[in-house]
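Under our numbering, the final residue of the sequence shown carries the number 1138; numbering is consecutive throughout.
Everything below concerns the one structure shown next.
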Amino acid sequence: MRELRTLEALIERGGSRVERHCLGEIDVGGQRLPLLAVTMGNPDPNVPSVGFFGGVHGLERIGAEVVMAYLAQLVSRLRWDAGLHWLLDSLRIVFMPLVNPGGLLRGTRANPQGVDLMRNAPVEAAQAVPLLGGQRLAAWLPWYRGAVGSGMQAESQALCGLVERELLSHAQAIAVDCHSGFGLRDRIWFPYAHTARPIQHLAEIHALCELLDETLAQHRYVFEPQSRQYLTHGDLWDHLYLQACAAAPRRMLLPLTLEMGSWLWVKKNPRQLFSRLGMFNPGLPHRRARVLRQHLGWLDFITRAAASMPRWLPLGDARAAHEERALSRWYRRPELVS
Ligand SMILES: [Zn+2]
């Protein structure tokens, strides 16, 4: 598979500064595919950590490509960029760009067992959208959560284990999971996906959002809770976020999902509607290159923001003020606030 070869080549190029982790293997019709992760930077639990994830949905190749393009940029900079080496002394960085290699190989949203990994965690939504929100009727229908009591899929377990070891072992962490396929605009979503209630770290999310608005002043991202669009069962990031909040000592994990607005690519090139991959990926090479380029600045912003959290995380009155602004920006109905 092309993406796996690219990832292995990047790991090779990174040399001793880049660690390769095989988190397991999955079988696709007799072909064994590794579940690969890459780590770099300082493993000390006292420094913050940041993780980049892609390819959870096999149809959304562009998500995996964006994450690998950023990894490729860091690997190149390792050769010459002193600033990057300073950054790596104060930060742990984790990559898992091909979470669902079987889905990528077969060109399916779900994994080879027909399970939608982003509906697979043990989290129940109060009012999920029928079907799209996750269903247990049949694996041949989309958004299948897996059978009741069957536990999480190997890919979901590998992702959760990696997050536990590399992000939740640090007091502060940010995760970015790259997807495509929803809407006309590029969106940055934060939890929850299973309820319209705000998360505990709404103030921190809002401070990060303001930092983004100030730093990348021309950015076009819509920053919002996923629950503003639709509610789903089984969201892996809701599950991991709740786990971080329940950990002792408590951990702060800010999970973000980049949802690239693919409908614009289809609008500009309607022929894409007739290809299965076309709905989720930019078809023309120049458009693909532009999409990759567009998001690299944001991913690098997140890396720097993660490394510098002690400088911008709001405390005391400032924290309360951020929470207040966040509530009026994203959550209008007061009865939803707990
Ligand atoms: Zn997706």
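Glycine included, every Cβ here is placed at the ideal spot set by N, Cα and C.
> Quick one: what does DSSP say V1137 is sitting in, helix, strand or coil?
Replying inline: If you number the sequence shown from 1, residue 1137 lands on position 337. Note that V1137 scores a pLDDT of 48, beneath 50, so its modelled location is shaky; the value from the coordinates is reported in the next line. V1137 falls in the coil class under three-state DSSP.
> Quick one: Cα of P942 to Cα of Q913, how far?
Replying inline: As a first step, residue 942 must be located in the sequence shown, where it is residue number 142. As a first step, residue 913 must be located in the sequence shown, where it is residue number 113. Computed Cα separation, rounded: 12 Å.
> In terms of DSSP beta bridges, what is L836 paired with?
Replying inline: For the purposes of this step, residue 836 is identified with residue 36 of the sequence shown, where counting begins at 1. Bridge partners of L836 according to DSSP: C822.
>> With distance defined between alpha-carbon atoms, name the residue in L871, A954 and R1119 nearest to E808.
In response: What you label residue 808 is simply residue 8 of the sequence shown in a count that begins at 1. The shortest CA-to-CA distance from E808 to any of L871, A954 and R1119 is the one to L871.
> How would you label V1137, buried or exposed, when you count the other beta carbons within 10 angstroms and need 16 or more for buried?
Replying inline: The residue labelled residue 1137 in the question sits at position 337 within the sequence shown. Legend: pLDDT at V1137 = 48, less than 50; position of this residue unreliable, no value from coordinates given.
> Who are the near neighbours of D1038 in its chain, counting only those whose CB is closer than 6 Å to its CB and skipping five residues on each side?
Replying inline: If you number the sequence shown from 1, residue 1038 lands on position 238. Sequence-distant partners of D1038 (beyond 5 residues in either direction) whose C-beta falls short of 6 Å from its own C-beta, in its chain, are V923, P991, Y992, A993 and H994.
> Going by alpha carbons, who is nearest to W1063 out of S980, Y1030, R1111 and H1006?
Replying inline: Numbered from 1 along the sequence shown, position 263 holds the residue referred to as residue 1063. Comparing Cα positions, the closest option is S980.
> Using the rule of at least 16 other Cβ atoms within 10 Å of the residue's Cβ for burial, across every protein chain shown, is S1027 buried or exposed?
Replying inline: For the purposes of this step, residue 1027 is identified with residue 227 of the sequence shown, where counting begins at 1. Classification for S1027: buried.
> Anyone know if the C-beta pair for G858 and T908 falls short of 7 Å?
Replying inline: Your numbering for residue 858 matches position 58 in the sequence shown. Your numbering for residue 908 matches position 108 in the sequence shown. Going by beta carbons, G858 and T908 fall inside the 7 Å limit.
> Can you tell me whether E1123 is buried or exposed, with buried defined as 16 or more other CB within 10 angstroms of its CB?
Replying inline: Position 323 of the sequence shown holds residue 1123. It is buried - the Cβ of E1123 has at least 16 other Cβ atoms within 10 Å.
>> Need the endpoints of the alpha helix (DSSP H) that M1060 sits in, please.
In response: As a first step, residue 1060 must be located in the sequence shown, where it is residue number 260. Looking at the DSSP string, M1060 is not in any alpha helix (DSSP H); the run it does join, the beta strand (DSSP E), is M1052 to M1060.
> What's the C-alpha gap between N846 and A947?
Replying inline: Here residue 846 refers to the residue found at position 46 of the sequence shown. Here residue 947 refers to the residue found at position 147 of the sequence shown. A straight line joining the alpha-carbon of N846 with that of A947 spans about 39 Å.
> Is it true that the segment 958-971 meets the segment 1036-1050, where meeting means three or more beta-carbon pairs spaced less than 8 Å apart?
Replying inline: With the rule of 3 Cβ pairs closer than 8 Å, the segment 958-971 counts as touching the segment 1036-1050.
>> Please state the DSSP three-state secondary structure of E1024.
In response: Sequence index remark: in the sequence shown, residue 1024 carries index 224 (1-based). E1024: strand per DSSP, three-state reduction.
> Any idea if A1089 is buried or exposed, counting beta-carbon neighbours within 10 angstroms, 16 or more meaning buried?
Replying inline: The count along the sequence shown starts at 1 and reaches residue 1089 at position 289. By the neighbour-count rule (16 or more Cβ atoms within 10 Å), A1089 is not buried but exposed.
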